[in-house]
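Inspection log for the structure reproduced underneath, given as C-alpha cells.
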Amino acid sequence: MTHAHISPAKYLWIWGWLAGLMLLSVLVSELALPKRTIVLGVLALSTVKAALVGLYYMHLKFDRRWLTFLALFPVLLIVLAAGLVYSSRLVRL
Amino acid sequence: MAISAEARTIPGIPAGKMGVWWFLASEIMLFGGLIVSYVVFRIGAGGWAEERAHTSLLFGAVNTLVLLTSSMTMVMAYAAGERGDQRGVTRNLGWTILLGLLFLVIKGFEYSTKLSLGFTPASAPFWSFYFTMTGLHGLHVLAGIVINTLLWIEAGKGLERHHRVELGGLYWHFVDIVWLFLFPLLYLL
C-alpha cells in the first residue's frame, strides 16, 4: 500500500511535534509537582509521541486496522500481566 | 512455492509487511516485559531514584533527539522511494545510518563514563536494568544500522525493491518507540 498522500512537509511537521513533546517531558520532569503527577504526565507524553510515530511514520493511520490490532494486542497482554502481578499483591495484603 | 514480499495474505496487506508486524509484536512482548519488570521492581523497593539521579539527562535527551531525527530521515527515504527519487532514498538512508551510529557512539561514551565511576550491572538493581535494557536496545539499533546499510546498497543500484525501505523503516521506528519509553524511565523519573 502506498502512502503518497502524506507529504514530506507533514513528516517534518510530525518531527517538530515529537521534538517539542520530548523537550516538554524534560520540562515537566523538573517541575516542583507531586511525584505521581510528574510520572503520569511524562508517561502520557511518551504515549502521545509513540502514537505519533506509529500512526504517521509507521502509517498505521492509513493502513488496514488489522495491523493496529496486531500492534496493540501484545500491549494489552502486558497490561493484563502487570494487572495480575498487582492483583496478587493485593490478595496477599 | 516461494511467496514474494509483495504478495497479499490479507487483502491490502503485503506478506512482507505482515511478517514484519508479527515480528514487531514479539518484540513488543520482549521490551514490554522488561519495562513492566523494571516498574514492578522499582515500586517494590526504595533507593532507585537516588541511583537514577546518576544518569546523564543531557546524553539521554540528545540521544532521543538523534533517534527522533533518524526516524524522520527514514520515513523521508520511504517518501522519496514513492516519488521514484533514487538520490533522495540513498541520501536519507545515509543520514539514518549516520544518526544511528551517532546514537551508539554517544551511548558508548555514556557507558564508559558510568563504568569508570563504578556503576556496573552488579552495583545495584537499577544499574542491572539500565545496562540490560539500554544494551538490548543498542543491539537493536546496531541491527537496524545493518539492515539500513543493506537497503542503502540496494537503493544505489535502483528502486526496483524500494518497498523494502518501508519494511526496514517499520523496524527502525519501533526501535525509536522503545527508546521513547526507556528515556523517561531511566533518565527523567
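The listed protein sequences correspond, in order, to chains A and B.
Residue 179 is where the first sequence starts when you use my numbering, and the numbers rise one by one after that.
Residue 516 is where the second sequence starts when you use my numbering, and the numbers rise one by one after that.
All C-beta atoms in this analysis are idealised placements derived from N, C-alpha and C, irrespective of residue type, glycine included.
Note that this is a predicted model, so its numbers are computed, not measured.
Rounded to whole angstroms, the gap between the alpha carbons of residue 262(A) and residue 548(B) is 13 Å.
Within chain B, no residue has its beta carbon less than 7 Å from that of residue 214(A); the closest one is some 11 Å off. Straight across, the Cα-Cα distance linking residue 213(A) with residue 690(B) is about 28 Å. Going by C-alpha positions, residue 206(A) is about 24 Å away from residue 586(B).
Here residue 673(B) has 601 as same chain residues with Cβ atoms under 8 Å from its own Cβ, once five neighbours each way along the sequence are excluded. Shown here, residue 568(B) sits in coil according to DSSP, grouped into three states, outside any helix or strand. DSSP places residue 222(A) inside the alpha helix (DSSP H), whose first and last residues are 213 to 230. Residue environment: residue 243(A) is assigned as exposed (fewer than 16 neighbouring CB atoms within 10 Å of its CB, all protein chains considered).
Under the Cβ criterion of 7 Å, residue 586(B) is counted among the residues facing chain A. It is roughly 12 Å from the alpha-carbon of residue 533(B) to the alpha-carbon of residue 247(A). One Cα belongs to residue 613(B), the other to residue 580(B), and the distance between them is close to 14 Å. For residue 193(A), the chain B residues whose C-beta falls within less than 8 Å of its own C-beta are 583, 584, 586, 587, listed in chain order. Around residue 207(A), the beta-carbon contacts reaching into chain B at under 9 Å are 572, 699, 702, 703, 704.
In the DSSP assignment, residue 606(B) falls within the alpha helix (DSSP H) that extends over 601 to 631.
Looking at the backbone, the Cα of residue 697(B) and that of residue 550(B) are separated by about 8 Å. The beta carbon of residue 648(B) sits no closer than 7 Å to any beta carbon of chain A.
Taken in chain order, the whole alpha helix (DSSP H) runs of length 4 or more contained in the segment 642 to 682 of chain B number zero. Taking C-beta atoms as the reference points, residue 683(B) and residue 703(B) fail to come closer than 7 Å. In this model, residue 692(B) and residue 227(A) are separated by some 8 Å (Cα to Cα). With its beta carbon less than 7 Å from one in chain B, residue 224(A) belongs to the interface. For the pair residue 204(A) and residue 677(B), the Cα-to-Cα distance works out to about 37 Å. Counting only Cβ-Cβ distances below 9 Å, residue 211(A) has no contacts in chain B at all, with the closest Cβ about 12 Å away.
Here residue 592(B) is buried: its Cβ has 16 or more other Cβ atoms, across all protein chains shown, within 10 Å. Taking 8 Å as the upper bound for CB-CB distance, residue 189(A) and residue 594(B) are in contact here, some 7 Å apart.
By the Cβ test, the segment 612 to 632 of chain B is in contact with the segment 648 to 664 of chain B, since at least three Cβ pairs between them sit closer than 8 Å. The beta-carbon of residue 242(A) is placed less than 7 Å from the nearest beta-carbon of chain B.
With its beta carbon at least 7 Å from every one in chain A, residue 545(B) lies outside the interface. Judged by their CB atoms, residue 224(A) and residue 608(B) are not nearer to each other than the 7 Å cut-off. Using a 10 angstroms sphere on the CB of residue 526(B), the tally of other CB atoms stays under 16, which defines it as exposed.
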